[in-house]
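Asks:
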Amino acid sequence: MNRDCAQSREAGVIAIVVSYHPDLTRLSELFKAVAPQVERVVVVDNGSPQDVILWLAGLDDARLHVLPLGQNRGIAAAHNAGIRWAREQRGKYVLLMDQDSVPDPGMVADLRSAYEELIAQDNKVAAIGPRFRDPDSGRLSQHVRFGRLWIVPVGCLPGQRVSKTDFLISSGSLISMDVLDAIGEMDEELFIDQVDTEWVLRALAKGYSPWGHCMAVMSHSLGETRRRVWFGRWREVPFHKPFRYYYIFRNSVLLHRRGYPCWAWRRVDAIRLLQMLVFMVIFHPERFKALQMMLRGLWDGLQKGQ
Numbered sequence: 001m002n003r004d005c006a007q008s009r010e011a012g013v014i015a016i017v018v019s020y021h022p023d024l025t026r027l028s029e030l031f032k033a034v035a036p037q038v039e040r041v042v043v044v045d046n047g048s049p050q051d052v053i054l055w056l057a058g059l060d061d062a063r064l065h066v067l068p069l070g071q072n073r074g075i076a077a078a079h080n081a082g083i084r085w086a087r088e089q090r091g092k093y094v095l096l097m098d099q100d101s102v103p104d105p106g107m108v109a110d111l112r113s114a115y116e117e118l119i120a121q122d123n124k125v126a127a128i129g130p131r132f133r134d135p136d137s138g139r140l141s142q143h144v145r146f147g148r149l150w151i152v153p154v155g156c157l158p159g160q161r162v163s164k165t166d167f168l169i170s171s172g173s174l175i176s177m178d179v180l181d182a183i184g185e186m187d188e189e190l191f192i193d194q195v196d197t198e199w200v201l202r203a204l205a206k207g208y209s210p211w212g213h214c215m216a217v218m219s220h221s222l223g224e225t226r227r228r229v230w231f232g233r234w235r236e237v238p239f240h241k242p243f244r245y246y247y248i249f250r251n252s253v254l255l256h257r258r259g260y261p262c263w264a265w266r267r268v269d270a271i272r273l274l275q276m277l278v279f280m281v282i283f284h285p286e287r288f289k290a291l292q293m294m295l296r297g298l299w300d301g302l303q304k305g306q
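For the sequence shown, the UniProt record's numbering begins at 1 and goes up steadily by one.
#1: Terminal residues of the continuous alpha helix (DSSP H) containing Trp-263?
#2: I want to know whether the region 227-244 touches the region 283-292 - three or more CB-CB distances under 8 Å.
#3: Within a Cβ cutoff of 6 Å, which residues of the same chain sit near Ile-175, ignoring the five residues on either side of it in sequence?
#4: Check whether the Cβ atoms of Val-38 and Ile-14 sit closer than 8 Å, and answer yes or no.
#5: I'd like to know if the region 184-196 and the region 246-254 are in contact, where contact means that at least 3 CB-CB pairs between them fall below 8 Å.
#6: Taking only three categories from DSSP, how would you classify Asp-122?
#7: Helix, strand or coil for Asn-2, going by three-state DSSP, please let me know.
#8: If Ser-221 sits next to Asp-134, beta carbons under 8 Å apart, how far is it from one beta carbon to the other, in whole angstroms?
#9: Start and end of the alpha helix (DSSP H) containing Lys-92?
#10: Can you tell me whether Ser-137 is buried or exposed, with buried defined as 16 or more other CB within 10 angstroms of its CB?
#11: Residues in the same chain with beta-carbon distance under 7 Å from Arg-40, minus the five sequence neighbours each way, listed in chain order, please.
#12: Rounded to a whole number of angstroms, what is the C-alpha to C-alpha distance between Ala-264 and Leu-168?
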């Protein structure tokens, strides 16, 4: 796609931006980047302070709709509220966006054209998402598949447009309303972490596949902070606030207890949790609090429903 041309606004695509105590400068960058690429933007606010709501309400753009939830109901509930609003507007697709993600020019058009091409080839497409660029390092992510023991990167060959994947983060994902009708909305019980994982696992169980676009890109960072650590080799590890590890571990256990996740994911996730526990206990600046949250999450996940 020629990036020098004016961007096309994709009719029928509604961007759902979830905000929670956002950086208003970054949020403004997101609006400027995504609004020219979609028909409408709905901001679902998860209980930000009143000054944020007033700032959002003061934005002079008829394409923008603000949907305040009044309290933090979690990412899944916010996505679902946005999806229902988009359905009322007769949207054909939703584009899920985090408040700290910024799409490159032409990203939405690239995703949609590839999505429709895959559908025309009789693929059951769950969603399609871009690669993301770390704003600090400039490094581009790779799409991934479930390996025997851990996630395996799937590189894109020169000229390759799309790649089948086993996982997509929610931010940047383009999903059709027809697919949401078939697979269902997001699981609000999970609140925040593993919401995208659960939805993809449900889609895989129903015969749908997520796809990654090799050339569509957005800026996105994982984790609140990053540290370069030595563990067999030098690596950059993202760190979350300790409370997030409660949801990561609790929700993983809840998913392991369900019947539909594939065995490949179960193996990979069990190893991931063990690795995360070791890494955080050794390297996290609040290691004891992080460990406490992990163990509490494991316990609550095991006790849920018993």
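Glycine included, every Cβ here is placed at the ideal spot set by N, Cα and C.
Replies: To lay it out plainly:
#1: 263-283
#2: yes
#3: Val-94, Ala-127
#4: yes
#5: yes
#6: coil
#7: Note on Asn-2: pLDDT 40, under 50, position unreliable in the model; the coordinate value appears next. Of the three classes helix, strand and coil, the one that applies to Asn-2 here is coil, per DSSP.
#8: 6 Å
#9: Segment: none, Lys-92 is in no alpha helix (DSSP H) and carries neither H nor E.
#10: exposed
#11: Ile-14, Arg-63, His-65, Gln-89
#12: 16 Å
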